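Novice: Sharing a structure below in structure tokens format, with a few things to ask.
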Amino acid sequence: MHRLPRPAFLPCTPLPPALSRPISTLPRPVSPPYRSPARRPAARLSSPPHESRATPSEDPPAPKPALAAPSDPARLSSRFKTQRRIAVGFAMGAVVIAFVFSGRWVFALGMLATSLIGLYEYYRMVAAKGHLPAHKMGLCVTAATTLSSAYAPALADVVFPVGGTMICIYLLFRRKRIATIADISTTFMGLFYAGYLPSFWVRLHEYTASSSPNLVAAAIARLWPAALGFSPIITVGSLLVFWTWLATASADIGAFFIGKTYGRTRFSNISPKKTVEGAVAGFVCSAGVSILGAYLLQWPLWWATGAVYGTTVGVLGLCGDLFESCFKRDVGWKDSGSLFPGHGGMLDRADSYVLVAPLVYFWATMVLPFIARVVL
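Using my numbering, the first residue of the sequence shown is number 778, and each one after it goes up by one.
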């Protein structure tokens, strides 16, 4: 008989002292605490099983009336912001109308303050990006350009390049740091955007090529509040400024409310809240106001010139708004300032009017006289 081989047993290896522990010292597993099952109400236990179920013939119990939900704080906040925006807008409109028809000094000083505040806000945004523009020189050249536009319009075209040359010389000898391309370009961009372009409104205000229509002058004089203490100074230039600003504001208002109510198609990635529906509504509102103004101001072919003029004003106003939004988007700011509650800063309120200014001036001084010569 063959014997099976014995299995080979290896000697046991003793555990190290750190791992050799008696069983009594090992941790015991902890069982979860005992929880008694939820007790049912006595009424359900005492009632028969068939009574707890509703029969098909019985009507389901009527739901209890829900308590009135509190008003949504976000909705109330949005409504309050809209009401504040409208109230501040009416107040600004009254102030603007007053200083448009208040003569050369008041209008020039008002435009000077607007340009300086707007340029200061622009340089703040530039400084937030780490650039160092020559803001003091820019403010001085802007003031000289605006004031010269009121009293010597031909001199304004000289002040701007001469002031730019002085800024270049100043940047060469600045001690803080050597001027970079960004410092130089942002300095001149602010000077052009917030200083030179708005000066065309001052030039237009002093435009007196012909007498103002008696119909418009009489209407404004009758509606002018006597509490202001002075009579309105009505010229062709002041009327052009008034109607153009009214058309631009109507485009802004129409685009805001129509776009907020019916807007579905996004217009541009620069400003996601702007819609195509709102933009078209703004163009229509601007064209309607301009047609009325062309009729009252006795433009040649008022129905055509007013429509073209108003549509162009609406398009340029929208482009000016988007252009200023590029600055804020680059910096990461929602508003350029907080000067006007609900409206932001000066640039937020005046951005739609900046690109319109040169068009209006050349329209009044070149296009309208040419159309009048051809038609009449």
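We put the beta carbon where it would ideally sit given N, CA and C, even for glycine.
All values derive from a computational prediction rather than experimental measurement.
Can you grab the Cα-Cα spacing for the pair Asp914 / Ser1067, in whole Å?
Specialist: Going by the sequence as given, residue 914 is Met instead of Asp. Going from the Cα of Met914 to the Cα of Ser1067 covers about 38 Å.
Novice: Between Leu1132, Thr1012, Leu916, Thr964, which has its C-alpha nearest Arg881's C-alpha?
Specialist: Thr1012
Novice: For Phe1139, which three-state DSSP category applies?
Specialist: helix
Novice: Can you look up Arg1150 in the DSSP assignment and give me helix, strand or coil?
Specialist: In this structure, Arg1150 counts as helix in the three-state DSSP scheme.
Novice: Only counting runs of 3 or more residues, tell me where the beta strand (DSSP E) segments fall wholly within the segment 1041–1097, in order along the chain.
Specialist: none
Novice: What does Phe969 pair with, by DSSP beta-bridge criteria?
Specialist: The partner list for Phe969 (beta bridge, DSSP) is empty, contrary to what the question assumes.
Novice: Am I right that Leu1099 and Ser1015 are in contact with their C-beta atoms under 8 Å? What's the rounded C-beta distance?
Specialist: About 29 Å; that fails the 8 Å criterion.
Novice: For Cys1062, does the count of other Cβ atoms within 10 angstroms reach 16, so buried, or fall short, so exposed?
Specialist: buried
Novice: Let me know the secondary structure DSSP gives Gly880 once reduced to three states.
Specialist: coil
Novice: Could you give the DSSP three-state label for Phe977: helix, strand or coil?
Specialist: helix
Novice: Distance check for Ala911 and Ala933, CA to CA, integer angstroms please.
Specialist: Roughly 20 Å separates the two Cα atoms.
Novice: When the Cα atoms are used, what is the spatial distance from Pro1146 to Pro975?
Specialist: If I take the Cα positions, the gap works out to 23 Å.
Novice: Taking the alpha carbon of Val918 as the reference point, which residue from Gly967, Ala885, Gln860 has its own alpha carbon closest?
Specialist: Gly967
Novice: Taking only the alpha-carbon atoms, compute the straight-line gap between Ala1071 and Arg901 and give it to the nearest angstrom.
Specialist: Whole-angstrom Cα-Cα distance: 40 Å.
Novice: In terms of DSSP beta bridges, what is Phe1117 paired with?
Specialist: Gly1121
Novice: Using 10 angstroms around the beta-carbon of Lys1111, count the other beta-carbons present and answer buried if the total reaches 16, otherwise exposed.
Specialist: exposed
Novice: Are the C-beta of Pro1049 and some C-beta of chain D separated by less than 8 Å?
Specialist: Absent from the structure: chain D. Only one protein chain is present.
Novice: Secondary structure at Trp1110, three-state DSSP: helix, strand or coil?
Specialist: coil
Novice: Using only alpha-carbon positions, find the residue among Val873, Ala1134, Ala1141, Ile1035 that is nearest to Gly1083.
Specialist: For Gly1083, the nearest C-alpha among the options comes from Ala1141.
Novice: Could you tell me the distance, in whole angstroms, from the CA atom of Arg1041 to the CA atom of Ala956?
Specialist: 46 Å
Novice: Can you list, in chain order, the residues of its chain with a C-beta nearer than 6 Å to that of Asp1125? Leave out the 5 residues immediately preceding and following it.
Specialist: Asp1112, Ser1113
Novice: Given a cut-off of 8 Å on the beta-carbon distance, is the pair Phe1044 and Thr1052 in contact?
Specialist: Contact: yes.
Novice: Just mark Ala864 as buried or exposed, buried being the case when its beta carbon has 16 or more other beta carbons within 10 Å.
Specialist: exposed
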